[in-house]
Amino acid sequence: MANFIDTDNYSAILRDKCVNLAEQRILVSRLAGSEQANDLTVPPNCGGLGRIRHFSRHADPEWVPDPLHIDTASRALNLLPGEVLRAQVFQNAACNWRCWYCFVPFELLRASEKRSTWVTAGDLLDLYLAVSDRPPMLDLTGGQPDLVPEWVPWTMQLLRERELEGIVYLWSDDNLSTDYFWTQLSEKDRELVATFRGYGRVGCFKGFDALSFSFNTKASPDLFNRQFELMRRFVRAGIDIYAYATFTTPTPNGIEDSMKRFVDRLQDIAPNLPLRTIPLKIFPFRVVENRLSVNSPHLVAIEHQKVAIAAWRQELETRFSSELRGLSVVDVPL
Ligand code: SF4
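So for the sequence shown, the numbering used here puts the first residue at 2; every next one is plus one.
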């Protein structure tokens, strides 16, 4: 039997290690000096805790465009959406999964205090506000930020107090693995997240069927279903939510059928959810190359994603009018 991550148990262990609720501190990765820093185009900033990320709409002409951060932030901040958007990124120091294609070195996902620093949301906000040529967007990522769901409302509260709500666009990622958003936050916190002006969230589907999901994450295939359940809850909660999906898979067999079912399941949550879902192309960053062997099945999986993206495009063309497909991702109603 395959050796899967015990996701619920490991999530609880990591949460315990990466948040201090009494002091409202979180453990954030130190990027300076890390293996990840070698893959960055611009050196880490904010005392080594942050980085500037350039989100590009057309990163690869053979893949679908990625409008997510650009269109959502531009709409919220009344900016003209362009080709590239700069964001200030901080990464929490833990993740409960181990995606083989993760561009974060695994040593930055273990909540290791040797590789991270305890900070408050206010410390990070101060660092961000002091950045010269400050990007309009603040991206709380990881790792898996939702191991510490408090990070988002803590940051929102501070932005509101400093009268920066609607002036800074706030974004957070979620790998759709835990229900901590509902079990750890208060009703008041969830209300704040749902109503804050200028916040977007993305849930990442780590595959398009149970096999690809488990192959990609090392989590049990059963948890593929949970990804949909969690996404359904976020949609129902009225949060401005979008989705990413990765299509690397170990086998070329049955991709078209699996993709149909994947799109069916997205539509079961909300008929237009596929139009708010962006497939992400997996690139072998240096960090990833270093972790793969020459004959690794993951190298073939990179090739299979090309078949999967063709199947995805086909499904969208069949199911949605060109008018709907032409909408900005921000305007797609759920
Ligand atoms: S869920 Fe995200 S942070 Fe965690 S291993 Fe996968 S890609 Fe990396």
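Yeah, the Cβ is synthetic: ideal placement off N, Cα and C, and Gly gets one too.
Shown here, Asn97 sits in coil according to DSSP, grouped into three states, outside any helix or strand. A straight line joining the alpha-carbon of Trp152 with that of Gly143 spans about 12 Å.
Annotation: Ser35 is outside any beta strand (DSSP E) and is labelled neither H nor E by DSSP. When rounded, the separation of the alpha-carbon atoms in Ile242 and Arg198 is 13 Å. Along the length of the stretch 37-120, whole alpha helix (DSSP H) runs at least 4 residues long occupy 69-78, reported in chain order.
In the DSSP assignment, Asn21 forms a beta bridge with Arg26. Taking Phe235 as the centre and dropping the five residues before and after it, the same chain places the C-beta of Ile242 closer than 6 Å to its C-beta, in chain order. One thing to note: Lys207 has its Cβ no nearer than 7 Å to the Cβ of Phe216. When the Cα atoms are used, Ser113 and Ala94 turn out to be separated by approximately 7 Å.
Annotation for Ile310: Trp64, Val65, Phe248, Pro280 and Lys282 place their beta carbon closer than 8 Å to its own, counting only its chain and skipping 5 residues before and after. Going by C-alpha positions, Thr42 is about 9 Å away from Arg54. Out of Ser178, Ala238 and Trp172, the CA that lies nearest to the CA of Ser221 is found in Ser178. Using a Cβ-Cβ distance cut-off of 8 Å, the stretch 113-126 and the stretch 69-76 are not in contact, since fewer than three pairs of beta carbons, one from each stretch, lie closer than that value. Comparing alpha-carbon positions, the option among Ala131, Arg163, Arg116 and Asp180 lying closest to Asp147 turns out to be Asp180. Judged by their CB atoms, Ala271 and Leu224 are not nearer to each other than the 7 Å cut-off. Taking a cut-off of 8 Å on C-beta distances, the stretch 45-59 does not touch the stretch 95-109, as fewer than three cross pairs fall below it. With 16 or more neighbouring CB atoms inside 10 Å of its own CB, Leu274 falls in the buried class. The beta carbon of Gly143 sits closer than 6 Å to at least one heavy atom of ligand 1. Contact between the stretch 77-95 and the stretch 133-143 is present: three or more C-beta pairs spanning the two stretches fall below 8 Å.
For Thr319, the enclosing alpha helix (DSSP H) begins and ends at Pro298 to Arg320. Annotation: the stretch 240-289 contains the following complete segments of the alpha helix (DSSP H) (minimum length 4 residues), in chain order: 256-270. Per DSSP, reduced to three states, the secondary structure at Ile14 is helical.
The continuous beta strand (DSSP E) containing Gly201 extends over residues Tyr200 to Phe206.
When DSSP states are grouped into helix, strand and coil, Val149 belongs to the coil group. When the five nearest sequence neighbours on each side are left out, the beta carbons in the same chain lying within less than 7 Å of the beta carbon of Leu300 are those of Leu293, in order along the chain. Membership of Ser221 in any alpha helix (DSSP H) is not indicated, and neither H nor E is assigned to it by DSSP. At the C-beta level, Val149 and Val20 come within 7 Å of one another. When DSSP states are grouped into helix, strand and coil, Ser178 belongs to the coil group.
Of the residues assessed, Ser187 falls on the exposed side of the cut-off, its CB having fewer than 16 other CB atoms within 10 angstroms.
Judged by the Cβ position, Cys19 fails to qualify as a neighbour of ligand 1 at the 6 Å threshold, every heavy atom of the ligand being at least this far.
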